[in-house]
Amino acid sequence: MTDPQKTSDPQTAAGTAALLQRIEALEAENAALRATLAEREDDGLTVRALNDDLRAVNGDLEESRRALAESERRLRAVFNSATDHAILTVDRQGRLTSWNPGAGRILGWEAEAIRGLHLEVIYPPEDRAAGRPARAVEAALAAGHCREERWYQRRDGSRFWGAATLVPLRDEDMEGFLCILRDLSRERESEEAARASHARTVEILESTSDAFYAVDHEFRFTYVNHKAEELWGRRREDLLGRIYPEIFPQIVGSEAFEAHLTAARERRPVTVETLSPILQQWIEARIHPSGPGGTGLAVYFRDVTERRTAQQALLRAKEEAERANLAKSKFLAAASHDLRQPLQSLLLFVDVLKPHVIGPRGHNALTHLGRGLDALKDLLDSLLDISRLDADIVEPVIEDFPIRPLMEHIAAAYQPVAAAKGLLLLVSCPPVSVRSDRTLLTRMVRNLIENALRYTEAGRIEVEARCIAEGSSGGHSAGGRLRIEVRDTGIGIPPDHLDRIWEEFHQVGNQERDRNRGLGLGLAIVKRLSGLLDHPVEVRSAVGRGACFGIELPLGERPARAEPAAAAQAPGVGRFAVLVDDDAIVLLGLETIFKEWGYEVLVAGSTDRALDGLRKASKRPDIVVADYRLRDGRFGTEAVSRIRDLYEEAIPGVILTGETGPDCERDAAAHGLGIIHKPVTPRQLSQALGRLFGPA
Numbered sequence: 001m002t003d004p005q006k007t008s009d010p011q012t013a014a015g016t017a018a019l020l021q022r023i024e025a026l027e028a029e030n031a032a033l034r035a036t037l038a039e040r041e042d043d044g045l046t047v048r049a050l051n052d053d054l055r056a057v058n059g060d061l062e063e064s065r066r067a068l069a070e071s072e073r074r075l076r077a078v079f080n081s082a083t084d085h086a087i088l089t090v091d092r093q094g095r096l097t098s099w100n101p102g103a104g105r106i107l108g109w110e111a112e113a114i115r116g117l118h119l120e121v122i123y124p125p126e127d128r129a130a131g132r133p134a135r136a137v138e139a140a141l142a143a144g145h146c147r148e149e150r151w152y153q154r155r156d157g158s159r160f161w162g163a164a165t166l167v168p169l170r171d172e173d174m175e176g177f178l179c180i181l182r183d184l185s186r187e188r189e190s191e192e193a194a195r196a197s198h199a200r201t202v203e204i205l206e207s208t209s210d211a212f213y214a215v216d217h218e219f220r221f222t223y224v225n226h227k228a229e230e231l232w233g234r235r236r237e238d239l240l241g242r243i244y245p246e247i248f249p250q251i252v253g254s255e256a257f258e259a260h261l262t263a264a265r266e267r268r269p270v271t272v273e274t275l276s277p278i279l280q281q282w283i284e285a286r287i288h289p290s291g292p293g294g295t296g297l298a299v300y301f302r303d304v305t306e307r308r309t310a311q312q313a314l315l316r317a318k319e320e321a322e323r324a325n326l327a328k329s330k331f332l333a334a335a336s337h338d339l340r341q342p343l344q345s346l347l348l349f350v351d352v353l354k355p356h357v358i359g360p361r362g363h364n365a366l367t368h369l370g371r372g373l374d375a376l377k378d379l380l381d382s383l384l385d386i387s388r389l390d391a392d393i394v395e396p397v398i399e400d401f402p403i404r405p406l407m408e409h410i411a412a413a414y415q416p417v418a419a420a421k422g423l424l425l426l427v428s429c430p431p432v433s434v435r436s437d438r439t440l441l442t443r444m445v446r447n448l449i450e451n452a453l454r455y456t457e458a459g460r461i462e463v464e465a466r467c468i469a470e471g472s473s474g475g476h477s478a479g480g481r482l483r484i485e486v487r488d489t490g491i492g493i494p495p496d497h498l499d500r501i502w503e504e505f506h507q508v509g510n511q512e513r514d515r516n517r518g519l520g521l522g523l524a525i526v527k528r529l530s531g532l533l534d535h536p537v538e539v540r541s542a543v544g545r546g547a548c549f550g551i552e553l554p555l556g557e558r559p560a561r562a563e564p565a566a567a568a569q570a571p572g573v574g575r576f577a578v579l580v581d582d583d584a585i586v587l588l589g590l591e592t593i594f595k596e597w598g599y600e601v602l603v604a605g606s607t608d609r610a611l612d613g614l615r616k617a618s619k620r621p622d623i624v625v626a627d628y629r630l631r632d633g634r635f636g637t638e639a640v641s642r643i644r645d646l647y648e649e650a651i652p653g654v655i656l657t658g659e660t661g662p663d664c665e666r667d668a669a670a671h672g673l674g675i676i677h678k679p680v681t682p683r684q685l686s687q688a689l690g691r692l693f694g695p696a
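In terms of UniProt numbering, the sequence shown opens at residue 1 and continues consecutively.
See the structure below:
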């Protein structure tokens, strides 16, 4: 039969004890009836009556035993399944008699190891020494139960915060106790974390420079920080628990209170800058839904009177500056003619003076005067252009026109300048039509190329136009756009200068105001033209890695007309020549004469630059003309050989040289190249080309 000391639920244990008592009584009654039956077995009637009584008692006894078994089964199921509770039974001497799986999990003991040990093993040493286990037993006997929350100890000595209930298991002789223990470590940690979080929140709210208060769904104050007390001049004790509009009735109907109502009604943050009816000062309030279901409000606010006053003063100053700037621009634009006339006269008289100046000192002074006047003219032209743009005097003429002729014209103008600096200038453009002002767009592209030339000492400048929208071909697009990029390999732009380069007179790395670097107005004009034409302009750059400027403009609505076929009277028409020479003056002369003969020309100061340009070109060269001795110990024969390798063809080539030794001739012959000795006349060069592929 089950021991009632092993039960876990006090009520269930008491029921089990009652059933046992009932069974014992029935068994005693059964024994008495059997004895009576033995004495009267000669009396048949009595025997039959006693048998009937005996069967009734046995039936009650069997039913009680079944009820007891079912009760024990349920009790054992609860006992074993309660893994989140430790359920222990203790005898009258305090020894542990049973132990459920939850006790093993929580306390780390096995039932066989702990059975028979005293209950005090689950208490820390200091509690044992203080007699805590005995006092818990006394309290349970006195009150019928004892519940404690305190530190308990596992088998390995580690501690946990738990809640234990000790209940006496009573019968006539007092059988023992039932102990139910639960580990509350996580709950305690959560409570401590919540308290710490609350303390941190209060610390933040009290240390912030913003005033803060919180209200519930009835607009009762639930929190007010020190800064709010200071601004309102009210103690928080006088505010907490009271209704906001009752304390400050002047708030009702104000913009600030309407913002409170909006945040509460729509459950979304609201920010408002308004005149506070409480403070009679400008405040900025940020109102956030808070509390259960977002029905309350958390409000941060600050006094922004000084900031607003400063903003208004700044706005007035800005408007005044804009009016003054507009007046200045209108004056300069109107005075354009009067300012240009005397300068034009000076320029003319300088040229008139040239034949009348005698001696090197006079010519030197006149040269410096001419350069100064040229710089003054450039400055005046740029200033007047900016002033006219600022005064809204410039009226763009928007039309559809083919972009390629414009780009080719610009390329022809600047390629000699680039070549003179030893730079490779590459221009590519699709045959499309764009919608813009032809003159102003030309000015934008020219200014970007001039900027690249000023800040690029070596390498190349690439001007590339490309369509950036699908469906744009043949110069006709529905909503398509063209992007023109000017890329260089110059000094680059520091990050803190990227916004300032569009300002007047701002130049990167030109503190000495070297006029060879320009005046610092070209990009300012580009920016203004960008706004006027609605052609967005942007820049990407890194120090030491060059810069890339981009312009975006719409494609035209009508296709670009096919370019007329070129006349065939020049010997180089239809042919593509690559010219390689590290002397910029010689290279410029070669380029000029080849273009006169009708060639399409790619010029380069080195082999690598020539290869870079060819990789971007759309066709193979017909002829390569290269100086024999190039910089960095390189040779023209190598240039021709590498260009041939690029196309895997034996492209014709000519070597120019000023050397008289045999090495150059042997090297040229080994590569199958003709050789011409400098100085060379155009006639000699033409004859050498004629020997290669005959007259065109």
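Heads up, the beta-carbon is just placed ideally off N, CA and C, and yes, glycines get one too.
Consult DSSP for Ala199 and reduce its assignment to one of helix, strand or coil.
-> Here residue 199 corresponds to residue number 199 of the sequence shown, with the count starting at 1. Helix.
Taking just the CA atoms, how far does Ala196 sit from Leu117?
-> Within the sequence shown, the letter at position 117 stands for residue 117. Within the sequence shown, the letter at position 196 stands for residue 196. Spanning the alpha carbons of Leu117 and Ala196 requires a straight line of approximately 40 Å.
Kindly indicate which residue of Glu485, Leu685 and Ala650 has the alpha-carbon position closest to the one of His671.
-> As a first step, residue 671 is located in the sequence shown; it is residue number 671 there, counting from the start. Taking each of Glu485, Leu685 and Ala650 in turn and checking the Cα distance to His671, the smallest one comes out for Ala650.
Environment of Arg460 [buried if 16+ CB atoms lie within 10 Å] | If you number the sequence shown from 1, residue 460 lands on position 460. So Arg460 counts as buried.
Alpha-carbon spacing of Gln687 relative to Ile623, whole angstroms | Translated into positions along the sequence shown, residue 687 becomes position 687. Translated into positions along the sequence shown, residue 623 becomes position 623. Cα to Cα, the separation comes out at about 14 Å.
Are the beta-carbon atoms of Val537 and Cys548 separated by less than 8 Å?
-> Position 537 of the sequence shown, counted from the first residue, corresponds to residue 537. Position 548 of the sequence shown, counted from the first residue, corresponds to residue 548. No, these two residues do not count as a Cβ contact at 8 Å.
Compare the Cα-Cα distances from Trp161 to each of Val654, Arg188, Cys146 and Arg170 and report the closest residue.
-> Locating residue 161 in the sequence shown gives position 161, counting from the first residue. Out of Val654, Arg188, Cys146 and Arg170, Arg188 has the C-alpha closest to the C-alpha of Trp161.
Proximity below 8 Å, CB of Gly636 to CB of Asp645 = Position 636 of the sequence shown holds residue 636. Position 645 of the sequence shown holds residue 645. Going by C-beta atoms, Gly636 is not nearer than 8 Å to Asp645.
First and last residue of the uninterrupted beta strand (DSSP E) at Asp183 | For the purposes of this step, residue 183 is taken as residue 183 along the sequence shown, with counting starting at 1. Residues Gly176 to Asp183.
Looking only at its own chain, which residues have a Cβ that is under 7 Å from the Cβ of Thr456, when we skip the five neighbours before and after it?
-> Position 456 of the sequence shown holds residue 456. So the qualifying residues of the chain are Leu423, Asp488, Thr489 and Gly490.
Mind checking whether Ala298 and Thr274 have CB atoms under 8 Å apart?
-> Mapped onto the sequence shown, residue 298 falls at position 298. Mapped onto the sequence shown, residue 274 falls at position 274. Not a contact, by the Cβ cut-off of 8 Å.
Identify every residue that forms a DSSP beta bridge with Trp109.
-> Residue mapping note: residue 109 aligns to position 109 of the sequence shown, counting from 1. BP columns for Trp109 are empty, so no partner.
For the beta strand (DSSP E) that contains Ile585, what are its first and last residues?
-> The count along the sequence shown starts at 1 and reaches residue 585 at position 585. Careful: Ile585 lies outside any beta strand (DSSP E), inside the alpha helix (DSSP H) at Ala584 to Glu596.
Straight-line Cα distance separating Pro289 from Gly102 = Taking the first residue of the sequence shown as 1, we reach residue 102 at position 102. Taking the first residue of the sequence shown as 1, we reach residue 289 at position 289. Our two residues, Gly102 and Pro289, have alpha carbons roughly 44 Å apart in a direct line.
Simplified DSSP assignment, three categories, for Gln153 | Within the sequence shown, numbered from 1, the residue matching residue 153 stands at position 153. Correct three-state label for Gln153: strand.
Roughly how far, in whole angstroms, is the beta-carbon of Thr592 from the beta-carbon of Ala639, given that I think they are within contact range, below 8 Å?
-> Looking up residue 592 in the sequence shown gives position 592. Looking up residue 639 in the sequence shown gives position 639. With a contact defined as Cβ atoms closer than 8 Å, Thr592 and Ala639 miss out at about 21 Å.
Straight-line gap, residue 701 to Val445 (C-alpha atoms, nearest Å) = Absent from the model: residue 701. The displayed extent of the chain is 1 to 696, so no value can be given.
Assuming Glu230 contacts Arg236 (C-beta within less than 8 Å), just tell me the rounded distance between them.
-> Position 230 of the sequence shown, counting from 1, holds the residue named residue 230. Position 236 of the sequence shown, counting from 1, holds the residue named residue 236. About 11 Å separates the two Cβ atoms, so there is no contact after all.
Does the distance from the C-beta atom of Gln153 to that of Pro124 stay below 8 Å?
-> Here residue 153 corresponds to residue number 153 of the sequence shown, with the count starting at 1. Here residue 124 corresponds to residue number 124 of the sequence shown, with the count starting at 1. Cβ atoms of Gln153 and Pro124: closer than 8 Å.
According to DSSP, what are the bridge partners of Thr89?
-> Numbered from 1 along the sequence shown, position 89 holds the residue referred to as residue 89. Answer is Ser98 and Leu178, bridged to Thr89.
With 16 other CB atoms within 10 Å as the buried threshold, where does Asp663 fall?
-> As a first step, residue 663 must be located in the sequence shown, where it is residue number 663. Classification for Asp663: exposed.
Where does Ala411 fall in DSSP's three states?
-> The residue labelled residue 411 in the question sits at position 411 within the sequence shown. Assignment of Ala411 by DSSP, reduced to helix, strand and coil, places it in the helix class.
Anyone know if the C-beta pair for Gln493 and Ser541 falls short of 8 Å?
-> Working through the sequence shown from its first residue, we reach residue 493 at position 493. Working through the sequence shown from its first residue, we reach residue 541 at position 541. The sequence shown places Ile at residue 493, not Gln. Taking C-beta atoms as the reference points, Ile493 and Ser541 count as a pair closer than 8 Å.
CB-CB under 7 Å to Val90, same chain, minus the five flanking residues each way: which ones, in chain order?
-> As a working mapping, residue 90 is identified with position 90 in the sequence shown. Correct list, in chain order: Leu96, Thr97, Leu119, Gly176, Phe177 and Cys179.
Could you please give me the residues that DSSP links to Glu485 through a beta bridge?
-> For the purposes of this step, residue 485 is taken as the residue at position 485 of the sequence shown. According to DSSP, residue pairing for Glu485 in a beta bridge involves Glu464 and Gly550.
What is the C-beta distance between Glu614 and Ile643, in whole angstroms, given that I count them as a contact (C-beta under 8 Å)?
-> Translated into the one-based positions of the sequence shown, residue 614 becomes position 614. Translated into the one-based positions of the sequence shown, residue 643 becomes position 643. A small fix is needed here, since residue 614 is Leu in this sequence, not Glu. Contact between Leu614 and Ile643 holds, with the beta-carbon distance rounding to 7 Å and staying under 8 Å.
Three or more C-beta pairs below 8 Å linking the stretch 398-406 and the stretch 429-444 = By the criterion of at least three beta-carbon pairs nearer than 8 Å, the stretch 398-406 is in contact with the stretch 429-444.
Own chain partners of Arg308 with C-beta closer than 6 Å, once the 5 adjacent residues on each side are dropped = For the purposes of this step, residue 308 is taken as the residue at position 308 of the sequence shown. Here the set comprises Trp282.
Would DSSP call residue 727 helix, strand or coil?
-> In the structure displayed, the chain extends from 1 to 696; residue 727 sits before or after that span and is not available.
Counted within 10 angstroms of its Cβ, other Cβ atoms place Gly605 as buried (16 or more) or exposed = Indexing the sequence shown from 1 puts residue 605 at position 605. Burial call: buried.
Report, in whole angstroms, the separation of the C-beta atoms of Leu166 and Ala129, which I expect to be a contact under 8 Å.
-> For this step, residue 166 is matched to residue 166 along the sequence shown. For this step, residue 129 is matched to residue 129 along the sequence shown. That belief does not hold up - the Cβ atoms of Leu166 and Ala129 are roughly 20 Å apart, past 8 Å.
Check whether Ala214 and Gly294 have beta carbons under 8 Å apart | Translated into positions along the sequence shown, residue 214 becomes position 214. Translated into positions along the sequence shown, residue 294 becomes position 294. Ala214 places its beta carbon 8 Å or farther from that of Gly294.
Can you name, in chain order, every residue of its own chain whose Cβ lies under 6 Å from the Cβ of Leu587, other than the five neighbours on each side?
-> Here residue 587 corresponds to residue number 587 of the sequence shown, with the count starting at 1. Cβ contact annotation for Leu587 (same chain, cutoff 6 Å, sequence separation greater than five): Ala419, Asp581 and Val603, in chain order.
Quick one: using the 10 Å Cβ neighbour count with 16 as the cut-off for buried, is Asp183 buried or exposed?
-> Along the sequence shown, read from residue 1 onward, the residue named residue 183 stands at position 183. Around the beta carbon of Asp183, 16 or more other beta carbons sit within 10 angstroms, so the residue counts as buried.
Note down the Cα distance separating Ile87 from Arg159, rounded to an integer number of angstroms.
-> Taking the first residue of the sequence shown as position 1, residue 87 is located at position 87. Taking the first residue of the sequence shown as position 1, residue 159 is located at position 159. Answer to the nearest angstrom: the Cα atoms are 18 Å apart.
Smallest Cα separation from Ala211: which of Ile675, Glu320, Leu521 and Arg286?
-> Residue mapping note: residue 211 aligns to position 211 of the sequence shown, counting from 1. Taking only the C-alpha atoms, the option nearest Ala211 is Arg286.
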